[in-house]
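Worksheet for the structure shown next.
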Ligand SMILES: Cc1ncc(COP(=O)(O)O)c(C=O)c1O
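In the working numbering, the protein residues as written are 57 to 423.
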């Protein structure tokens with residue numbers, strides 16, 4: 057079979073051996089550094105890939121939303137889930153309690169009120185929930201500051217019935233703002249050090265901290281260089297994408313997921329139109345130094361300059377190209393995770409050319 061001929065477009069093609077290589081390489085790194093692997097599932101939302109990660113030695117999975125966790129636990133991917141997201145409101149807490157009946161669950165908290173709500177619900181249900189304090193090491197999203205702020209919340213959480221303070225976590229996604237690998241490594245090490253300093257401060261106060269968890273694909277090989285990090289939660293690494301390979305360690309050949317698209321119009325020498333627009337490519341901006349809505353494997357200098365819902369407009373810098381109507385191209389998305397969430401299935405292509413359909417079972421689980 058030839059997937060470029062056999063599959064209808066636009067669709068998402070995953071090269072199975074590349075995914076396996078990406079998973080194996082990160083698993084080996086974690087093993088060599090004595091760090092537990094808990095890969096984030098939001099990237100692929102797919103049981104087949106979650107199972108590949110578990111088979112490679114992951115201790116459990118990370119999910120953002122309860123819906124993701126429900127889908128993947130029910131599919132038998134793992135029975136140990138970290139919800140790296142704040143669980144707020146009675147509807148969510150009710151689902152959390154049910155999930156705790158079929159999996160070991162831990163939850164991120166970064167405020168005393170949300171911890172209190174979890175504590176009351178778990179205590180009333182006769183359950184104990186593991187909680188992990190989310191720290192802000194530079195991304196300025198959720199999370200409280202290292203040091204005193206975390207210490208204050210840790211002391212309060214440690215005293216709450218129905219909860220067990222298991223550790224601290226951060227998502228050091230801000231490392232990606234770096235302009236070169238050295239700068240990135242510096243941000244990563246600083247984030248890792250802030251985690252370890254705070255963990256030690258809590259331990260000195262007699263608060264046991266078992267888990268010190270970090271997670272981001274760009275920071276994977278720097279944040280974890282600090283001694284004492286116990287867990288890593290990369291997600292994007294399963295596929296990699298246009299945002300990740302700009303520093304050279306990872307090249308386009310390692311990007312396992314590609315959008316297959318067809319040229320549907322060549323209205324002028326400097327312009328081509330593909331059948332993939334914002335409803336396929338997603339709208340994340342390109343990383344610094346790159347242009348457009350994705351990287352075209354067959355024409356790296358061409359730019360997907362504009363999109364409407366179902367059209368992508370490619371511009372050719374030289375004003376010409378041999379690409380013709382009917383040609384099929386492969387695009388590496390700027391940010392693979394939202395791209396996956398737009399489709400129902402992945403087409404997994406093996407080295408022998410055979411194609412399997414993998415359902416994106418947690419697609420759309422934003423609640
Ligand atoms: C809390 C958390 N952990 C881990 C990750 C994984 O990061 P990456 O997608 O860079 O691998 C993310 C990504 O958004 C995240 O939000």
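Ideal placement from N, C-alpha and C gives every residue a C-beta, glycine not left out.
Keep in mind it's a predicted model, so treat the numbers as computed, not measured.
Item, Value
"Which of helix, strand or coil DSSP assigns to residue 108", "helix"
"Cross-strand partners of residue 276 (DSSP beta bridge)", "Beta-bridge pairing links residue 276 to no other residue."
"Status (buried if at least 16 other CB within 10 Å, exposed otherwise) for residue 110", "buried"
"Ligand 1 heavy atom lying under 7 Å from the CB of residue 351", "no"
"Whole-number beta carbon distance between residue 172 and residue 216, since they are thought to touch under 8 Å", "7 Å"
"Among 73, 354 and 233, the one whose alpha carbon lies nearest that of residue 108", "73"
"CB contact flag (residue 200, residue 222, <8 Å)", "no"
"Where residue 297 falls: helix, strand or coil (DSSP)", "coil"
"Every unbroken alpha helix (DSSP H) inside the region 202-248 [4 residues or more]", "204-214"
"Beta-carbon proximity of residue 198 to residue 190, cut-off 8 Å", "yes"
"Contacts around residue 308, its chain only, beta-carbon distance under 7 Å, and the 5 residues preceding and following it disregarded", "301, 351, 353 and 388"
"Of the residues 175, 395, 386 and 238, the one placed nearest residue 358, counting alpha carbons only", "386"
"The region 364-373 / the region 90-106 touching (three or more Cβ pairs under 8 Å)", "no"
"Local Cβ density within 10 Å of residue 93, reported as buried at 16 or more and exposed below that", "buried"
"Where residue 136 falls: helix, strand or coil (DSSP)", "strand"
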